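See below for the structure under consideration.
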Amino acid sequence: MTERAVHVGGEHPYDVMVGEGVVARVADSLGEDVERVLVVHSAPMAAAAERLTEAIRARGLTAVTAEVPDAEAGKTAEVMAFCWKVLGQSEFTRSDAVIGLGGGAITDLAGFVAASWLRGIQVVQVPTTLLAMVDAAVGGKTGINTAEGKNLVGAFHVPQAVWCDTDFLRTLPRHDLVAGLGEVVKAGFIRDLEILDIVEDNVALLAAAAPQQGDRGAEGADSGVLDEAAIPVLDELMTRAIQVKADVVSADLRESFLREILNYGHTFAHAIEYTERYAWRHGAAVSVGMVYAAELARMSGKLSDDEVARHRGVLGGLGLPTTYAPGRWEQLYTAMRRDKKTRGAMLRFVILAGLGNPVRLEGPDPAMLVAAYDAISA
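Here the sequence shown stands for residues 948 to 1325, numbered as in my numbering.
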């Protein structure tokens, strides 16, 4: 597979490198003034973190590691404080660097650690899940959760480079792979319709990696080795999804409006995650969130029945959930009121005025919000 670079422009441009074995070149992207590097990782990435630190030390640099809890459990103020302690005890200066090695929660955390230490030091992201490769590690959004909601504390901090090594996908747990496809499909709905066509043409191949337990996106043990025939399909889907995000954040880093389109499905998704105490995988929650947003768009007269059905068909065909449990509206509504996109008492959603044409929906009628929930919980 040919190594490719997706360029992210803006005030601080960088490249997202995609290909097999690119993790071996991570140290190449560290600045000349770097003397110390902190590798933030979770327990499942311990062996990869050791290989990475060895490569960094071979360049004559000091490399230390911070092993943190996996997934959303690692995105807390307490874990942040632990990382700060490691940086302080290792005497990190403003010219040193942090590397985030892991899934989206790890890259979110590592980015915020780098953004907050000495008011900002360099960060290099090495995402190891599909979701992190196409979404979390690209774009410079960093943050942690609080007891009141997801990603409520954070900063915009652009990485020095992002390295997406597709070798990590070969043994990625099935649930994580399919959850990542939720964010890939999102990129298709908001901008690159060719993504939807590729998924539909290869749905059987991609769905072969789908979870077998039939749960609704919750965390759980699962395993599986990716079918080699799926690698080139995933490669094209990844590259297209990364390009969509790169184009958007190049034009709007700090979410003045354009970048908000990347939040398609996320307002309701974050409410699900909060209500479920982060037991759902992010991509699974986004899948349901997109169907909810599609129902809002249909009720607003902006999407046809067929376009809403295409949401359910593409996502459900991959094994992603498209419905959510009834009887939880008050909890979900409370969580959405705390969402970052809310302004005052006015809820804001990204919906579609036709596939590939995202628009903002502000202050929708509460009755319509409930009706859309009824449509996805029936």
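Glycine included, each C-beta is placed from N, C-alpha and C at the ideal position. On a predicted model such as this, the values are computed, not experimentally measured, just so you know.
Span of the beta strand (DSSP E) around residue i
i: Asp962; result: 961 to 966
i: Asp1112; result: 1108 to 1112
i: Gly1047; result: 1044 to 1049
i: Arg951; result: 951 to 955
i: Asn1098; result: 1096 to 1103
i: Gly1310; result: Unbroken run through Gly1310: none, as it is neither H nor E.
i: Asn1092; result: 1088 to 1093
Boundaries (first-last residue) of the alpha helix (DSSP H) holding residue i
i: Arg998; result: 993 to 1004
i: Pro1074; result: Not the alpha helix (DSSP H): Pro1074 falls in the beta strand (DSSP E), residues 1069 to 1074.
i: Ala1198; result: 1177 to 1198
i: Glu1277; result: 1276 to 1284
i: Val1297; result: Val1297 -> not in any alpha helix (DSSP H); beta strand (DSSP E) instead, spanning 1295 to 1299.
i: Ala1318; result: 1313 to 1324
Residue i: CB within 8 angstroms of a non-hydrogen atom of the ligand NAP
i: Ala1226; result: Of the ligands one can find in the structure shown there are none, so the ligand NAP has no counterpart to examine.
For residue j and residue i, the rounded distance between their alpha carbons
i: Ala1325; j: Ser1251; result: 19 angstroms
i: Thr1186; j: Ser1247; result: 33 angstroms
i: Gly1167; j: Glu979; result: Reliability fails at Gly1167, whose pLDDT of 46 lies under 50, so the model's placement of it is uncertain and no value is given.
i: Ala1079; j: Tyr1225; result: 16 angstroms
i: Pro991; j: Thr1040; result: 29 angstroms
i: Gly1049; j: His988; result: 6 angstroms
i: Asp1199; j: Ala1102; result: 15 angstroms
i: Asp1114; j: His959; result: 28 angstroms
Beta carbon of residue i nearer than 9 angstroms to that of residue j
i: Thr1269; j: Ile1323; result: yes
i: Phe1059; j: Thr1089; result: yes
i: Leu1119; j: Gly1127; result: yes
i: Ala1084; j: Val1073; result: yes
i: Gly1051; j: Val1125; result: no
i: Val984; j: Ala1044; result: yes
Quick one: which unbroken alpha helix (DSSP H) runs of 4-plus residues sit fully inside the region 1207 to 1271? Chain order, please. If we require 4 residues or more, the alpha helix (DSSP H) runs fully inside the region 1207 to 1271 come out as 1213 to 1222, 1229 to 1246, 1252 to 1264.
When the Cβ atoms of the region 1254 to 1263 are set against those of the region 1133 to 1149, are three or more pairs found closer than 8 angstroms? yes
For the 8 angstroms Cβ check, are there 3 or more pairs between the region 972 to 983 and the region 1005 to 1015? yes
Start-end ranges of the alpha helix (DSSP H) lying completely within the region 1117 to 1151, minimum 4 residues: 1121 to 1137, 1140 to 1148
So within the region 1003 to 1039, which uninterrupted alpha helix (DSSP H) runs reach at least 4 residues, ignoring any that extend past its ends? 1024 to 1036
Could you tell me whether the region 1298 to 1307 touches the region 1268 to 1285, using the rule of 3 or more Cβ pairs below 8 angstroms? no
Is it true that the region 1025 to 1045 meets the region 950 to 963, where meeting means three or more beta-carbon pairs spaced less than 8 angstroms apart? no
Evaluate contact between the region 1100 to 1116 and the region 1210 to 1217, counting only Cβ atoms and requiring at least three cross-stretch pairs below 8 angstroms. no
Taking only runs that begin and end inside the region 968 to 993, name each unbroken beta strand (DSSP E) of 3 or more residues, in chain order. 983 to 989
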